[in-house]
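>
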Amino acid sequence: MPYDQKKIVEALRAFERGEIVVVMDDDGRENEGDLIVAAVHCTPEKMAFIVRHTSGIVCTPMPREEAKRLNLAPMVADNDSAHTTAFTVSVDFKHGTTTGISAEDRTLTVRNLANGNVGGSDFVRPGHIFPLIAREGGVLMRSGHTEAAVDLCKLAGLPPVGVISELVNDDGTVKRGPQVQAFAEEHGLKQVSVADLIAYRQRKETLVERVACSEIDTLGGKAQVFTYTLPWD
């Protein structure tokens, strides 16, 4: 698919404004669409929309350092899931929630996961929201919805915690390619793919930096040696 910067920028602007966007991954992976909104912009109305049209499993992707700050331990010691999705223990916000399952309660939880003024002791475990730890480097290191959500937040200049859930049909089956596109068009939602975000970042960011240069003697004479680094391992 050709690179369409206009489409990507429009989706980023919509995301920055607090709109829900639809993100597809590729056919060779899950081939599914996720509804994604920035946690800081989530509302009970948006949460209700997400729950109504998805599996109802609401996750909050975030960088590892945020999960560490909030004392969010991995859900399992050995992750052998198909795509090694990095779930932590589930949580509810401790203050002001009731059962934790309502759209209002879940919104309170996700918004506070993006609140730098709260800490791990402000959440109870287990709960109804499932934090996910994004790989450092985002979609350039792992082409998943987890990383796409965090990258969208960062590209939009928002706290790097997203809200995601997988689109499903009324019969419970997962929406695939054309079904996802039709849903986005029906509800007026911007749509991008993980591949779009990879291409956008590759064009916009400096990914390789030269950090050193030295001379060495070789059998053929002097040679220059350059050292390059990536921003992540």
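Numbering of the sequence shown is given in our numbering, commencing with residue 821 and proceeding in unit increments. Even glycine gets a Cβ: it sits at the ideal position worked out from N, Cα and C. Being a predicted model, the structure only gives us computed values, none of them experimental.
1) Does residue 930 come out as helix, strand or coil in the three-state DSSP assignment?
2) For residue 1013, which beta-bridge partners are listed by DSSP?
3) Is the Cβ-Cβ distance between residue 860 and residue 951 less than 8 Å?
4) Output the distance between the C-alpha atoms of residue 865 and residue 920, rounded to the nearest integer angstrom.
5) Check whether the Cβ atoms of residue 1013 and residue 878 sit closer than 8 Å, and answer yes or no.
6) Look at the Cβ atom of residue 940, then the Cβ atom of residue 928, and state whether they are nearer than 8 Å.
7) Would you kindly work out how many angstroms separate the C-alpha atoms of residue 967 and residue 1046, rounded to a whole number?
8) How should residue 908 be labelled, buried or exposed, when 16 other C-beta atoms within 10 angstroms of its C-beta is the threshold for buried?
9) Excluding the 5 residues flanking residue 953 on each side, which residues of the same chain have their C-beta closer than 6 Å to its C-beta?
10) Would you kindly work out how many angstroms separate the C-alpha atoms of residue 1035 and residue 1027, rounded to a whole number?
11) Quick check for students: name the residue ranges of the alpha helix (DSSP H) that lie wholly in the stretch 978-1033, counting only runs of 4 or more.
12) Between residue 926 and chain C, is any beta-carbon pair separated by less than 8 Å?
From the atom records:
1) Your numbering for residue 930 matches position 110 in the sequence shown. The answer is helix: DSSP assigns residue 930 an H, G or I state.
2) Counting from one through the sequence shown, the residue named residue 1013 turns up at place 193. For residue 1013, the beta-bridge partners assigned by DSSP are 844.
3) Within the sequence shown, numbered from 1, the residue matching residue 860 stands at position 40. Within the sequence shown, numbered from 1, the residue matching residue 951 stands at position 131. In this structure, residue 951 does not lie closer than 8 Å to residue 860 by Cβ.
4) Here residue 865 refers to the residue found at position 45 of the sequence shown. Here residue 920 refers to the residue found at position 100 of the sequence shown. For residue 865 and residue 920, the distance between alpha carbons rounds to 16 Å.
5) On the sequence shown, position 193 is the one that residue 1013 refers to. On the sequence shown, position 58 is the one that residue 878 refers to. No, the pair does not count as a contact, with Cβ atoms beyond the cut-off.
6) Counting from one through the sequence shown, the residue named residue 940 turns up at place 120. Counting from one through the sequence shown, the residue named residue 928 turns up at place 108. Result no, Cβ atoms of residue 940 and residue 928 do not sit closer than 8 Å.
7) Within the sequence shown, numbered from 1, the residue matching residue 967 stands at position 147. Within the sequence shown, numbered from 1, the residue matching residue 1046 stands at position 226. Each residue's Cα considered, the two are about 31 Å apart.
8) For this step, residue 908 is matched to residue 88 along the sequence shown. The residue in question, residue 908, is buried, as its Cβ has 16 or more Cβ neighbours within 10 Å.
9) In the sequence shown, the residue the question calls residue 953 occupies position 133. The residues are 884, 887 and 906.
10) Within the sequence shown, numbered from 1, the residue matching residue 1035 stands at position 215. Within the sequence shown, numbered from 1, the residue matching residue 1027 stands at position 207. Using only the alpha carbons, I get a separation of about 25 Å.
11) 997-1006 and 1014-1024
12) Of the protein chains in this structure there is only one, and it is not chain C.
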